[in-house]
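Asks: Before we start, here is the structure in question, set down as structure tokens.
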Amino acid sequence: MKLSYKHFVLAAAVFAVSSCQKGDWLERKSPTLITEEQVWNDPKMITSLLANYYDRLPAHAELEGGWAEMAAYDEAMWSGNNDDRNNIIAYPFDRWRLWDYGLIRDINLAMESIERYGNTLSATQKSQFAAELRFLRAYQYFELVKRMGGVPIVTKQLVYDFSGNPEPLQQPRNKEEEVYDFIASELDAVKDQLGNAGSNTRANKYTALALKSRALLYAASIAKYNNQMSSPITLPGAVVGIPAARASQYYTQSLAAAKEIIASGAYSLYQTNPNPGENFFEAITKKQNNKEVILAKDYLVSKDKRHGFSYDNIARGIREDNLGSSAVTPTLNLVEDYEYLDGSSGELKNRTADNGDYIYYDRLQDIFANKDARLYGTIIYPGTTFKGQDVQIQAGVKVWNGTTYQTVESNVLGATHTDGKLLTGTSGPQRSQTEVSNTGFYLRKYIDPATMSSTRGIRSDMWWVRFRLGEVYLNAAEAAFELGQTADALQYLNTLRQRAGFAANALKTVTIQKIQNERRVELAFEDHRVWDLKRWRIAHEVWNGSNSNPDAMAYALYPYRVVRPGDPRDGKYVFDKLVAPRYRAPRQFQMGNYYSSIDQTVINNNPKIIRNPFH
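Start counting the sequence shown at 3; every next residue gets the next number (our numbering).
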């Protein structure tokens with residue numbers, strides 16, 4: 003745990019009071035109490051405080067606190083205990099809510115205190131610390147605005163004067179565009195003062211540019227697509243909603259930031275492993291000699307800073323702790339969005355035309371042959387391995403009775419059929435059990451391959467990537483496309499696709515739908531999906547609450563071994579596509595979900611705050 007200044011002062015004060023003799027403590031100068039001057043002139047203490055602030059930056063679906071949210075949309079479903087996560091009738095209006103001004107207050111306090119007390123810090127130290135604090139504040143404002151729309155911009159401490167009148171502390175919400183403009187101006191102001199060159203755990207110039215590229219792409223998308231809706235989402239004073247006229251400016255700024263990162267050569271796409279699937283897995287998970295990662299939230303077993311993500315999500319049959327789980331399991335929906343290397347649709351071929359006879363495969367993995375290598379790097383699918391072990395994914399057998407197939411499955415994982423061969427794999431899939439895949443797939447991305455990382459005793463120090471160059475290429479592609487620079491957009495997309503096994507410059511045309519799909523497959527499980535659909539204003543169409551809409555439902559792929567003695571198809575594999583059996587309700591995104599509701603306590607404390615639309 004990294005301690006903040008408040009923790010240091012509180013601990014020191016308690017120690018000082020408890021160690022003094024009765025009657026003389028008022029006259030004695032404590033040798034243990036840390037003064038303001040000591041704190042704000044000590045670079046190590048300030049750095050420790052910064053570490054605390056980095057740790058407090060919000061994330062929605064990350065490895066430590068919010069990873070279960072990965073199963074709440076259309077990348078995965080919940081295969082752990084409790085079916086509630088598969089029964090989201092509608093996303094509530096307080097979902098994604100964030101109104102954390104505590105962090106902003108602490109950052110403002112730190113900036114003012116360094117300026118006031120930091121007399122022995124060098125000018126360079128003061129400049130860099132102030133720049134880093136302003137970066138963190140800009141990051142926090144981005145997390146606020148992408149959830150809530152316009153929020154009050156507070157850049158100084160708000161100190162109550164005990165007059166009985168709180169009105170001077172009550173600020174109205176700024177316009178949504180003003181918050182994005184503030185973020186951009188702050189990042190421009192500090193990028194060259196940040197230092198930390200080469201670091202991927204503290205902000206530097208390129209981290210600031212990465213945040214700017216992402217934030218202004220969001221702003222541009224809202225300016226364009228919100229205004230293309232039949233009823234644009236707005237509030238008086240433009241507290242939510244951005245004028246359409248600003249879209250081009252924001253796309254231009256986003257593209258410029260992305261291009262500066264790419265052109266700098268400070269970062270490069272990870273291309274170390276000759277196996278493109280393994281290479282993509284390593285691009286996100288490798289900590290050493292990985293120049294793709296721009297900023298990550300790091301964990302270290304040696305410092306006892308670790309998490310249980312692998313313990314909770316490793317494939318059932320290879321988990322190292324019998325009490326571990328296999329909770330977040332990818333959907334067939336996502337798997338089929340990974341194209342074939344010839345550029346054709348990624349829909350898996352399990353039957354002949356018009357739902358005729360099965361297509362028979364010699365090996366489980368053959369149905370995935372010639373697929374985008376990012377599929378392998380993201381998802382454990384039938385016939386693949388992890389940690390050097392086969393992940394047995396087989397639902398059962400199909401027994402030919404002379405006329406048709408009889409489906410035989412087992413509730414016992416790893417059970418054998420009457421022919422002495424495997425019936426149901428040790429990793430399922432299984433229709434009703436918990437802690438085993440219900441979809442036929444498991445996560446690979448972010449699952450730690452280190453020995454014992456999926457045990458409670460060891461756990462994992464896999465890092466969480468906040469920014470990487472792969473996203474920057476996608477930001478550049480989208481912004482360039484929206485600005486009519488289609489040749490450049492194609493170049494950025496083809497660079498990423500070539501790493502995934504596609505031929506150089508194989509993609510000849512680009513559309514917004516193509517860009518949307520590229521973001522889906524490149525950035526899966528990296529906390530982009532829900533925000534992308536929100537900014538494109540298509541979330542209510544993709545997740546429309548209808549069980550006849552395949553995008554709103556979760557689908558599974560169940561593999562079976564064919565039992566047909568004397569027939570050349572005996573021992574081959576076939577696949578059934580089905581709605582995931584434990585999936586309970588189609589996802590429903592309501593118009594009121596585009597901007598989260600503001601807690602009533604906030605409004606009670608500040609009558610100048612107006613509610614978001616539809617709430």
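Each residue gets a CB set at the ideal place from its N, CA and C atoms; glycine is no exception.
Just confirm the distance between the C-beta atoms of residue 428 and residue 394, as a whole number of angstroms; I'd bet it's less than 8 angstroms.
Replies: 4 angstroms
Asks: Buried or exposed: where does residue 561 fall if 16 or more other Cβ atoms within 10 Å of its Cβ makes it buried?
Replies: Residue environment analysis places residue 561 among the buried positions, since at least 16 neighbouring C-beta atoms fall within 10 angstroms of its C-beta.
Asks: Since residue 535 sits in a beta bridge, which residues does DSSP pair it with?
Replies: None, per the DSSP bridge assignment.
Asks: In the DSSP assignment, what are the bridge partners of residue 466?
Replies: 299
Asks: Taking only three categories from DSSP, how would you classify residue 353?
Replies: strand
Asks: Is residue 387 helix, strand or coil by DSSP?
Replies: Looking at residue 387 - three-state DSSP - the assignment turns out to be strand.
Asks: Excluding the 5 residues flanking residue 27 on each side, which residues of the same chain have their C-beta closer than 6 angstroms to its C-beta?
Replies: Caution is warranted here: a pLDDT of 43 is assigned to residue 27, below 50, making its placement in the model unreliable, and the coordinate value is therefore given only provisionally. Closer than 6 angstroms at Cβ, skipping near neighbours: no residue.
Asks: Tell me whether residue 56 is buried or exposed, calling it buried when 16 or more other Cβ atoms sit within 10 Å of its Cβ.
Replies: buried
Asks: Measuring straight from C-alpha to C-alpha, what distance separates residue 481 and residue 214?
Replies: 13 angstroms
Asks: Specify the secondary structure class of residue 290 as computed by DSSP and reduced to three states.
Replies: DSSP places residue 290 outside both helix and strand once states are collapsed to three, so it counts as coil.
Asks: Which residues share a DSSP beta bridge with residue 402?
Replies: Residue 402 is bridged to 407.
Asks: Roughly how many whole angstroms lie between the Cα atoms of residue 420 and residue 557?
Replies: 30 angstroms
Asks: How should residue 364 be labelled, buried or exposed, when 16 other C-beta atoms within 10 angstroms of its C-beta is the threshold for buried?
Replies: With fewer than 16 Cβ atoms within 10 Å of its Cβ, residue 364 is classed as exposed.
Asks: Mark residue 426 as exposed unless 16 or more other C-beta atoms lie within 10 angstroms of its C-beta, in which case mark it buried.
Replies: buried
Asks: Going by CA-CA distance only, name the one from 97, 62, 173 that's closest to residue 599.
Replies: The candidate whose alpha carbon is nearest that of residue 599 is 97.
Asks: Could you name the residues of the same chain whose beta carbon sits closer than 7 angstroms to that of residue 607, not counting the 5 residues immediately before and after it, in chain order?
Replies: Excluding sequence neighbours, residue 607 sits near nothing in its chain.
Asks: Helix, strand or coil: which one does DSSP assign to residue 14?
Replies: Low confidence applies to residue 14: its pLDDT is 37, below 50, so where it sits in the model is not reliable, and the reading given next is rough at best. Helix.
Asks: If you draw a straight line from the C-alpha of residue 1 to the C-alpha of residue 238, how long is it?
Replies: Any property of residue 1 remains undetermined from this structure, which presents the chain solely from 3 to 617.
Asks: Straight-line CA distance for residue 611 to residue 185?
Replies: 21 angstroms
Asks: What do you reckon, are the CB atoms on residue 248 and residue 179 nearer than 9 angstroms?
Replies: yes
Asks: Select from 353, 469, 181, 177 the residue whose C-alpha is nearest the C-alpha of residue 206.
Replies: Nearest to residue 206 by alpha-carbon distance, out of 353, 469, 181, 177, is 469.
Asks: With a threshold of 6 angstroms on Cβ separation, who are the neighbours of residue 279 within its own chain once the five nearest residues in sequence on each side are excluded?
Replies: 375, 378, 379
Asks: Considering residue 575, what are the terminal residues of the beta strand (DSSP E) in which it resides?
Replies: 575–581
Asks: Please report how far the alpha carbon of residue 422 lies from the alpha carbon of residue 216, in whole angstroms.
Replies: In a straight line, the C-alpha of residue 422 is about 55 angstroms away from that of residue 216.
Asks: With distance defined between alpha-carbon atoms, name the residue in 565, 588, 566, 516 nearest to residue 545.
Replies: Scanning 565, 588, 566, 516 for the CA closest to the CA of residue 545 turns up 588.
Asks: Just to confirm the assignment: which complete alpha helix (DSSP H) runs, minimum length 4, are found wholly within the region 232–288?
Replies: 249–266, 278–287
Asks: Can you have a look at residue 384 and say buried or exposed, based on whether 16 or more other CB atoms are within 10 angstroms of its CB?
Replies: buried
Asks: Does the beta-carbon of residue 458 have 16 or more other beta-carbons within 10 angstroms, so that it is buried, or is it exposed?
Replies: exposed
Asks: With distances taken Cα to Cα, identify the nearest neighbour of residue 303 among 344, 453, 74, 54.
Replies: Comparing Cα-Cα distances from residue 303 to each of 344, 453, 74, 54, the minimum goes to 453.
Asks: Taking only three categories from DSSP, how would you classify residue 362?
Replies: coil
Asks: I'd like to know whether the C-beta of residue 399 is nearer than 9 angstroms to at least one C-beta of chain B.
Replies: Of the chains in the structure shown, none is chain B; there is only one protein chain.
Asks: Taking the beta carbon of residue 168 as the centre, do at least 16 other beta carbons fall within 10 Å, making it buried, or is it exposed?
Replies: exposed
Asks: Tell me which same chain residues have a C-beta within less than 8 angstroms of the C-beta of residue 541, skipping the five on either side of it?
Replies: These residues qualify, in order along the chain: 532, 535, 591, 595, 596.
Asks: With DSSP run on the structure shown, which of helix, strand or coil describes residue 415?
Replies: Residue 415: coil per DSSP, three-state reduction.
Asks: To the nearest angstrom, how far is the alpha carbon of residue 448 from that of residue 64?
Replies: 10 angstroms
Asks: What runs of the alpha helix (DSSP H), each 4 residues or longer, lie entirely inside the region 176–218?
Replies: 178–192
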